[in-house]
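Numbering (full-length UniProt numbering), first residue to last: 1 to 650.
Data first, discussion second: the structure below is written as structure tokens.
This is how it looks when you write it as structure tokens:
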């Protein structure tokens with residue numbers, strides 16, 4: 001029996017999934033998707049597949065992958081989905097299929113406790129806070145008893161705790177086989193298990209970091225893989241761009257300075273020159289940061305180079321880094337840690353000098369300014385060529401799937417970005433009944449999105465909708481500035497009109513805690529930006545309204561976008577229609593996808609932007625969304641919520 005025929009049997013009404021899972025229901029879209037993936041695996045093809053929310057795409061790729069008998073790598077967009085796959089979905093499908101498949105999960109180094117750095121941190125006792133010091137005994141006990149060393153398993157230490165930076169390793173500061181704890185290393189053990197497993201779950205950042213940097217993890221797994229599946233594949237162009245480029249940050253230089261000072265104190269106290277070489281580098285990094293006025297700034301290299309003191313401060317960083325590296329070279333033979341510091345210094349010198357020269361025509365140089373550091377980026381105009389080398393290295397199946405890859409079922413934008421021009425493409429709409437479950441409201445009378453009065457208009461339009469929905473709303477903004485303005489205006493309106501719904505805002509707490517509070521309240525309003533546009537799943541009545549302030553076009557002053565637009569226009573292409581519009585459509589589909597999460601959900605999607613109706617391209621955008629019933633009248637929104645409330649009451 002072929003793999004495709006096996007898949008049909010498994011997904012049938014009396015198949016293995018239905019027998020093992022009481023809640024399982026056979027869906028035509030899911031079965032068709034599973035068959036298409038099975039065919040791609042059998043024929044070692046590239047398949048790009050969009051499956052709307054509710055299709056059940058996770059099972060649609062897991063079933064053929066587990067039945068295929070070959071080595072499979074599944075890469076996810078987030079660590080949250082990675083954990084869900086490994087802990088819930090994979091065991092459930094494996095049990096239903098009764099296949100003897102071994103499964104492993106592999107994360108980046110920063111997710112595993114490092115025995116070496118934990119010991120160093122506990123001995124040196126230099127912590128950023130009292131809480132960090134109090135976490136050390138908990139971490140030591142965990143490292144002693146844990147099988148995996150994965151920090152996700154240690155709930156007593158918050159994920160945001162600064163102590164994690166001191167007790168985990170990075171590619172830069174891992175001493176490798178010279179480490180006294182090498183045989184106990186959690187990272188090495190995770191990699192060993194991944195090499196031996198039939199199915200390995202990774203995430204996109206790890207996949208590209210390891211494959212591009214040859215960091216011994218995925219790079220070792222890939223040659224033996226028969227199938228690679230990318231879930232949440234819409235994130236790949238951006239993630240791949242990070243790793244096909246060349247970036248360097250003042251944080252890396254400061255980390256090297258800190259580690260060199262620690263090495264001096266613990267390993268080379270007789271080398272005074274080492275201690276003397278550290279402060280000038282730290283000062284040079286701080287002075288370079290001060291050459292920029294604002295945090296959050298993103299600017300092309302040309303603009304940064306024109307800043308007063310930029311060149312002088314940059315040269316000073318180069319000189320002080322070179323001085324420290326020379327001293328480290330004289331001490332490298334004394335200890336693996338000192339040798340590693342010297343190697344890091346050499347590598348950073350190369351990157352720092354290369355960024356300033358800017359010799360590579362396909363890389364866009366730009367600068368990102370943070371409160372304490374500066375990141376220097378050199379990002380590729382296209383990842384298609386670089387990724388194409390991986391695609392064609394040897395025959396295997398490549399599956400790319402997401403709920404948002406196409407513009408009106410057209411995949412050419414995504415295929416062009418990723419170099420997938422010869423890939424098969426398939427498209428399945430969501431099985432949800434959007435015509436009955438949901439309403440798309442585009443309000444009348446909105447000003448132009450670049451108007452200074454726009455945020456006030458969004459808040460004014462949102463208020464009666466929120467009152468009609470009895471809270472239970474996300475307000476998704478396209479920028480942090482708009483988010484703060486809309487939140488302040490809604491808070492003022494709530495106070496003036498006596499509206500009692502809890503009002504939350506992104507940044508008040510971490511995303512997990514905010515979502516928990518939102519669900520618990522049951523009638524809250526959450527104002528958010530990029531963090532809440534995707535990867536958020538609130539089912540049921542707690543979320544019944546999603547309000548989007550603007551069509552999510554990328555900022556035109558973004559240095560990478562600007563360079564890509566110039567390049568496309570120079571080639572005679574229409575950058576707006578071929579790049580900017582598809583980007584906005586895919587992002588909008590992600591935000592809209594927060595509303596209806598299962599068959600029993602209902603709600604209203606509000607898109608405030610008048611361009612959806614007024615501009616010639618607006619039709620292309622709303623036709624790419626699920627088939628909502630549409631209105632421009634507030635009273636129809638109020639009537640929708642009144643009907644829903646009456647249904648719940650009865």
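For every residue, glycine included, the Cβ atom is placed at its ideal position computed from N, Cα and C.
Expressed to the nearest angstrom, what Euclidean distance is found between the alpha-carbon atoms of residue i and residue j?
i           : j           : result
residue 396 : residue 383 : 20 Å
residue 216 : residue 177 : Low local confidence applies: a pLDDT of 45 at residue 216 is under 50, so the model's placement there is unreliable, and no value is given.
residue 450 : residue 549 : 12 Å
residue 157 : residue 130 : 13 Å
residue 389 : residue 420 : 11 Å
residue 494 : residue 459 : 11 Å
residue 15  : residue 88  : 20 Å
residue 77  : residue 203 : 6 Å
residue 346 : residue 600 : 59 Å
residue 145 : residue 189 : 15 Å
residue 117 : residue 125 : 12 Å
residue 114 : residue 172 : 13 Å
residue 4   : residue 410 : 25 Å
residue 603 : residue 579 : 31 Å
residue 700 : residue 93  : The requested residue 700 does not occur in the structure, where the chain is confined to residues 1 to 650.
residue 624 : residue 413 : 14 Å
residue 95  : residue 186 : 27 Å
residue 635 : residue 456 : 21 Å
residue 339 : residue 315 : 25 Å
residue 361 : residue 423 : 28 Å
residue 197 : residue 644 : 49 Å
Using the three-state DSSP reduction, which class does residue i fall into: helix, strand or coil?
i           : result
residue 402 : strand
residue 388 : helix
residue 75  : strand
residue 51  : strand
residue 547 : strand
residue 21  : coil
residue 260 : helix
residue 5   : helix
residue 298 : strand
residue 116 : helix
residue 427 : strand
residue 46  : strand
residue 361 : coil
residue 368 : strand
residue 210 : helix
residue 410 : strand
residue 216 : Reliability of the predicted coordinates at residue 216 is poor, the pLDDT of 45 falling under 50, and the value obtained from them is presented with this limitation in mind. Here residue 216 sits in coil by DSSP.
residue 614 : helix
residue 266 : helix
residue 638 : helix
residue 168 : strand
residue 589 : helix
What is the residue span of the alpha helix (DSSP H) that residue i lies within?
i           : result
residue 449 : That residue, residue 449, is in no alpha helix (DSSP H); it is neither H nor E in DSSP.
residue 565 : 559-570
residue 227 : Per DSSP, residue 227 belongs to no alpha helix (DSSP H); it is in the beta strand (DSSP E), 227-230.
residue 622 : 618-622
residue 306 : Run containing residue 306: none; DSSP gives neither H nor E here.
residue 57  : 57-67
residue 287 : 272-290
Who pairs with residue i in a beta bridge, going by DSSP?
i           : result
residue 438 : 603
residue 203 : 76
residue 629 : 439
residue 124 : Answer is none; residue 124 lacks a bridge partner.
residue 473 : 525, 545
residue 397 : 227
residue 248 : 376
residue 150 : 112
Starting from residue i, trace the beta strand (DSSP E) both ways and give me its first and last residue.
i           : result
residue 377 : 374-380
residue 103 : 103-105
residue 144 : Note, residue 144: premise wrong, no beta strand (DSSP E); alpha helix (DSSP H) at 130-145.
residue 505 : 503-505
Please report the Cβ distance between residue i and residue j, rounded to the nearest whole angstrom; I am assuming they are in contact, meaning their Cβ atoms lie under 8 Å.
i           : j           : result
residue 136 : residue 121 : 7 Å
residue 278 : residue 337 : Contact doesn't hold; Cβ gap of about 15 Å is too wide.
residue 327 : residue 273 : 5 Å
residue 53  : residue 597 : 7 Å
residue 400 : residue 49  : 7 Å
residue 466 : residue 525 : 6 Å
Using only the heavy atoms of the ligand ZN, determine whether one of them is closer than 7 Å to the beta carbon of residue i.
i           : result
residue 551 : In the structure on display, the ligand ZN does not appear, and there are no ligands present to speak of.
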